[in-house]
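In terms of this note's numbering, the sequence shown opens at residue 69 and continues consecutively.
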Amino acid sequence: MFPVDTIDRMFKPLPSVPDHPALEREVLQRWEDERTFQRLREQNAGGPRFSFIDGPITANNPMGVHHAWGRTLKDVFQRYQAARGHDERYQNGFDCQGLWVEVEVEKELGLNSKREIEDYGIAEFAERCKERVARYVGVMTGQSKRLGQWMDWGNDYLTFSDTNIEYIWRFLKECHRRGWLYKGHRSTQWCPRCGTSLSQHEQAGEENYRELEHPSLYVRFPLTDRPGESLVIWTTTPWTLPANVAAAVKPDAEYGLRDGGWQLASEDGDYDNVVQGEDLVGLEYEGPFDGLPAQEGVTHRVIPWDAVALDEGTGIVHIAPGAGAEDFELSRVHGLPVLAPIDESGRFLPGYGPFEGVSTDGAAKAIVEALDERGLLVQAGTIVHRYPICWRCKTPLLFRVVDDWFISCDELRQPLLNANDEVAWTPPQYKKRMDDWLRNMGDWNISRKRYFGLPLPLYPCECGELNVIGSRAELEERASGGLEQLQELHRPWIDVIAIRCESCGEEVRRIPEVGDAWLDAGIVPMSTLGWENPEWIPHGYATGAARGLTGADLPDHAYWEQWFPADWVSESREQIRLWFYSISVMSMTLAGRLPYRAVLAYERVHDEHGREMHKSTGNAIEANEAFERMGADIVRWQFCAQNPSQNINFGYGPADEIKRRLLTFWNSVGFLVTYANIAEWTPEWGAEPRSGHPLDRWLVARTGQLVSEAEAAYERYWSPAVTTLFESYVEDLSNWYVRRSRRRFWDGEPAALETLWWSVIQALRVIGPVMPFLADHLWRTLVVEGPDSAHLAGWPEGVGGDEALLAEVAEVRRVVELGRQARAQSGIKLRQPLRRLVVQGADGVREHAHEIAEELSVKQVEFGSVEATELRVKPNLPVLGPKLGKELGGVRSALEAGDFEELDGGRLRVNGHELSPDEVLVERRGKEGWAVAGEDGLTVALDLQLDPELELEGRAREVIHQVNTMRKEAGLEITDRIVLTLPPDLLEHEGWIARETLAERVEPGGEVAIEKA
Ligand SMILES: [Zn+2]
Ligand SMILES: [Zn+2]
69 MFPVDTIDRM FKPLPSVPDH PALEREVLQR WEDERTFQRL REQNAGGPRF SFIDGPITAN
129 NPMGVHHAWG RTLKDVFQRY QAARGHDERY QNGFDCQGLW VEVEVEKELG LNSKREIEDY
189 GIAEFAERCK ERVARYVGVM TGQSKRLGQW MDWGNDYLTF SDTNIEYIWR FLKECHRRGW
249 LYKGHRSTQW CPRCGTSLSQ HEQAGEENYR ELEHPSLYVR FPLTDRPGES LVIWTTTPWT
309 LPANVAAAVK PDAEYGLRDG GWQLASEDGD YDNVVQGEDL VGLEYEGPFD GLPAQEGVTH
369 RVIPWDAVAL DEGTGIVHIA PGAGAEDFEL SRVHGLPVLA PIDESGRFLP GYGPFEGVST
429 DGAAKAIVEA LDERGLLVQA GTIVHRYPIC WRCKTPLLFR VVDDWFISCD ELRQPLLNAN
489 DEVAWTPPQY KKRMDDWLRN MGDWNISRKR YFGLPLPLYP CECGELNVIG SRAELEERAS
549 GGLEQLQELH RPWIDVIAIR CESCGEEVRR IPEVGDAWLD AGIVPMSTLG WENPEWIPHG
609 YATGAARGLT GADLPDHAYW EQWFPADWVS ESREQIRLWF YSISVMSMTL AGRLPYRAVL
669 AYERVHDEHG REMHKSTGNA IEANEAFERM GADIVRWQFC AQNPSQNINF GYGPADEIKR
729 RLLTFWNSVG FLVTYANIAE WTPEWGAEPR SGHPLDRWLV ARTGQLVSEA EAAYERYWSP
789 AVTTLFESYV EDLSNWYVRR SRRRFWDGEP AALETLWWSV IQALRVIGPV MPFLADHLWR
849 TLVVEGPDSA HLAGWPEGVG GDEALLAEVA EVRRVVELGR QARAQSGIKL RQPLRRLVVQ
909 GADGVREHAH EIAEELSVKQ VEFGSVEATE LRVKPNLPVL GPKLGKELGG VRSALEAGDF
969 EELDGGRLRV NGHELSPDEV LVERRGKEGW AVAGEDGLTV ALDLQLDPEL ELEGRAREVI
1029 HQVNTMRKEA GLEITDRIVL TLPPDLLEHE GWIARETLAE RVEPGGEVAI EKA
């Protein structure tokens, strides 16, 4: 044998610990240099299709780790499907317009209101929005690549492309054709900062509420015809009082009069008068701000309302239809006037006297003072309550009555519910969540009073006709001018263009509103796949604002037929009410079916202590930081190992734990590399393992089991099973196969090297989708000929597991495990050999007696009944006491004396009674000189008796251990030879000790000593 540093190493040695970020950068560079991903696509081109449609990520900020969960899962399952030979599309999507982008650009430019945007210039503002998108398309592409996500980067879809916009126009025209498009005049949640209404699906998330402190006021409304009597109302929104027109009572509730004020009667109350709510209905009262011009001509009266809350306030609700959703609905039922007190930015309009121009918050103090001055204020305090905030800018919301455009969803509801029934949801309980959303969804509010978004192609005419433009070509055809300046389908350029009314021929203009951003993302299954597009257009998707940012083609309809619907989509669970909803509505409308067959959804990312991550609290983790500090593979593993139906506690602590566990695998591969190099062993690509050695046959079977079980997990999109299966495989590989085979590796046995090499190679293919970098790094370390990347090697096909052999070895390991327990009880070290082990209840492992003996360091393994135990039985008093009564004492003494007979099924006969297993408490203990352990019908007993021969052998083993420690401490290489000095009594074991310690020569002496030979 040669010293290790002079041989020509077949495999590059592995360091003791992997440097994940460093090896990942190296692998990334190699993928780039060797065009690995392109070659994978070429390899699979024309194969069976696996269609994935990406939900767009907003190109607006750098990625946080929360984005990495979804992107990891998308990549994992796409990589797996590629390994199975599937042809895939890999098109990434960026969301590029709407409030997300606008609000960030406003911050960047220091703009604080819509007026400031208009002063800045809508065209300039649009350019800044596009610049920001372009910047973050670049940043996010880089970050996604760093995560290892294989997508067709550079050919992304960007939702602000004219092509995408035209597809939405076409959808809206179809909605109009079906009579679903209408203008609604209603009270809506309004963000005063963004100056727009917001829709149900945007605002529905729990994160869109905060605990906020607001005023809590009790206010008196004097009754007109009953001097000295007032209604007492409660409000937390003083700004709504100047718009009050009515007060609502619950008709069947009891109201009491005390100190001149009417309010809900409580049981213990002492009232001057008590009436039913209905008795108050119709009474007129003086409003709190009747002097304002806006209140002129308003008669305030009491109305009935069954939904009046009785658990807070006074049971009398002040109604301002211009400032609340339910109030507005009541105004329709009761014919109440609607006073709209505030403008877009939440400031009082003219007609509100001293409050004009003041914000809702700013007016609160003056309103309270005015009430107090006029003696109307009963009580003023504050309240902390759950209050909605803008999903985008976090400003507390108000209600305004405005005109918005809606798509009626009623006709779609049932078809969507029916179709959802056919979708395979993972986790399965999310199917019901989707059903719940579909059952409860209101009409889709599609209009936003903003700037940089989808221009709604709606041109209402005074003649009553609503003109809806369905394409750019139609716009050009019907335009009365202004086309020359139309650089793209965005404001302000599109606003210049007027068209001719279809019905009366008059010139009409577009409404100023832009569209809900979920229209942009929702059309993607049609727009990116070329639905009804007659001819394939190279780079045809890169239109309008997307020009220059992508090379994406616009495919033709035949392509759409092939790739629609997606076999699989994956986004976070909250996308049920957002993207899953919008793609469902739009595809159902245009194509009559859902755009996906299977969904994987996942929850939210928290920090490792389970708290929400926020930039402001300092516990958010940037994606780049995570990639560089823990490694992208570890980020991916963390997400893959998580049950997606629960929030993940993500962080560096869990990452360290994962690294520690993965080190076992790294060490096993390192072991292979070391001994293969020493033996100068060369792998043969494509050779099936052929060793007949039982351990080798077992590892091959165990590897086959990993492959088939992991395959089943990938097929059902369940990554936590993949990581669990891999970990348990690594445990078996390392703590059974490698440990039991050490000597064969020391001896350079080709069968062992071949088997381990082959098994590791298969394991790398299995785990490649989860940890693409580590898998490929080790692949390159081990594979000399054959595919140059784990990701080009495909899935290990036809690797069968030998069930019988696996079961047999599992049983052996159970026996060994119990044997270890027995040893641990006895306190005798494993290094001290023992004479024998008796095994009862595992006859199937007789052929493995030798392995069991070796594992437990016993000379002999016997199969038979364990008699080395003592059965100690006590009565189970709560059961047996009532049954035996006064005979219990006798039974107890007989049991204590061991005076009983064991029957089958665990029954006992004692003192003429037959006792069932639940009537006694049984404990089995080793008799003197034995250690016993057992479970589930398997019992082992270790004979603890020592003799001089065993003791000497025990000493010899101690010495081997000691010498090998000394070798390490002396800095010797694994292959270095030594001269060993041994005390004379150990010379009996000289040959064996020398072999185990690589001693060339043994010399007798007083103390154990070594010297390099
Ligand atoms: Zn806002
Ligand atoms: Zn007209």
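Idealized CB from N, CA, C, for every residue including glycine.
Asked	Found
If you follow the beta strand (DSSP E) that leucine 96 is in, where does it begin and where does it stop?	Taken as a continuous stretch (DSSP letters only), leucine 96 belongs to no beta strand (DSSP E), being part of the alpha helix (DSSP H) at 88 to 102.
Following a CB-centred definition, is lysine 462 positioned closer than 8 angstroms to any heavy atom of ligand 1?	yes
Can you give the Cα-Cα distance for leucine 774 and aspartate 101, rounded to whole angstroms?	32 angstroms
Return the chain-ordered list of same chain residues with a C-beta closer than 7 angstroms to the C-beta of serine 84, the five sequence neighbours on each side being excluded.	none
Work out the CA separation of valine 171 and phenylalanine 467 for me, nearest whole Å.	20 angstroms
First and last residue of the beta strand (DSSP E) that includes aspartate 347?	Here aspartate 347 belongs to no beta strand (DSSP E); instead the alpha helix (DSSP H) covers 345 to 348.
Can you find the residues in the same chain that come closer than 8 angstroms, C-beta to C-beta, to threonine 74, ignoring five residues on each side of it along the sequence?	Confidence at threonine 74 is low in this model, with a pLDDT of 42, below 50, so the placement of that residue should be treated as unreliable; the coordinate-derived value is given next. There are no such residues.
Taking 8 angstroms as the line, does the beta carbon of valine 576 fall inside it for any heavy atom of ligand 2?	yes
Is cysteine 243 near ligand 2, in the sense that its beta carbon is under 8 angstroms from a heavy atom of that ligand?	no
Opposite lysine 1080 in the DSSP bridges: which residues?	Ile1046
What are the start and end residues of the alpha helix (DSSP H) that includes cysteine 243?	230 to 245
Can you tell me where the alpha helix (DSSP H) holding proline 840 begins and where it ends?	840 to 850
Among Gly1059, Asn223 and Ser255, whose alpha-carbon lies nearest the alpha-carbon of arginine 9?	Any question about residue 9 goes unanswered here, given that the chain covers just 69 to 1081.
In chain order, what residues of the same chain have a beta carbon less than 7 angstroms from the beta carbon of glutamate 1064, not counting five sequence neighbours either side?	Ile1028
Can you name the start and end residues of the alpha helix (DSSP H) that histidine 918 belongs to?	917 to 924
Let me confirm a value: glycine 1074 is counted as buried when at least 16 other C-beta atoms fall within 10 Å, else exposed. Which label applies?	exposed
Does ligand 2 have even one heavy atom less than 8 angstroms from the beta-carbon of asparagine 571?	Reading off the sequence, residue 571 comes out as serine, not asparagine. At least one heavy atom of ligand 2 is nearer than 8 angstroms to the Cβ of serine 571, so yes.
Relative to the C-alpha of leucine 280, which candidate in Pro464, Arg460 and Tyr148 has its C-alpha closest?	Pro464
Grab the span of the beta strand (DSSP E) containing asparagine 52 for me, first residue to last.	An answer regarding residue 52 cannot be provided, because it is not within the stretch 69 to 1081 covered by the chain.
Please find out if some non-hydrogen atom of ligand 2 comes closer than 8 angstroms to the beta-carbon of cysteine 531.	yes
What first and last residue would you give for the beta strand (DSSP E) that runs through threonine 937?	937 to 943
Report the residue from Val947, Gly862 and Pro943 whose alpha carbon sits nearest the alpha carbon of arginine 960.	Pro943
Please give me, in chain order, every unbroken run of the alpha helix (DSSP H) with length at least 4 that falls completely inside the region 947 to 1011.	956 to 964
Anyone know if the C-beta pair for tryptophan 705 and leucine 730 falls short of 9 angstroms?	yes
Runs of 3 residues minimum, wholly inside the region 696 to 723: which ones carry the beta strand (DSSP E) assignment?	716 to 718
What ranges does the beta strand (DSSP E) occupy inside the region 469 to 520, keeping only unbroken runs of at least 3 residues that lie completely in it?	492 to 494
Measuring CA to CA, which of Ser713, His558 and Thr303 is closest to serine 640?	Ser713
Measure the Cβ-Cβ separation of leucine 658 and methionine 594 and say whether it is below 9 angstroms.	yes
With distances taken between CB atoms, is the gap from lysine 198 to alanine 613 smaller than 9 angstroms?	yes
When the Cα atoms are used, what is the spatial distance from tryptophan 218 to arginine 109?	10 angstroms
Note down the Cα distance separating alanine 589 from valine 207, rounded to an integer number of angstroms.	20 angstroms
Is isoleucine 121 helix, strand or coil when you go by DSSP?	coil
Considering only their Cβ atoms, is the gap separating proline 86 from tryptophan 734 smaller than 9 angstroms?	yes
May I ask you to check if the CB of arginine 183 is nearer than 8 angstroms to at least one heavy atom of ligand 1?	no
What number of angstroms, rounded off, separates the C-alpha of threonine 450 from the C-alpha of aspartate 440?	16 angstroms
Taking glycine 273 as the reference, which of Arg326, Ile457 and Glu556 has the closest Cα?	Ile457
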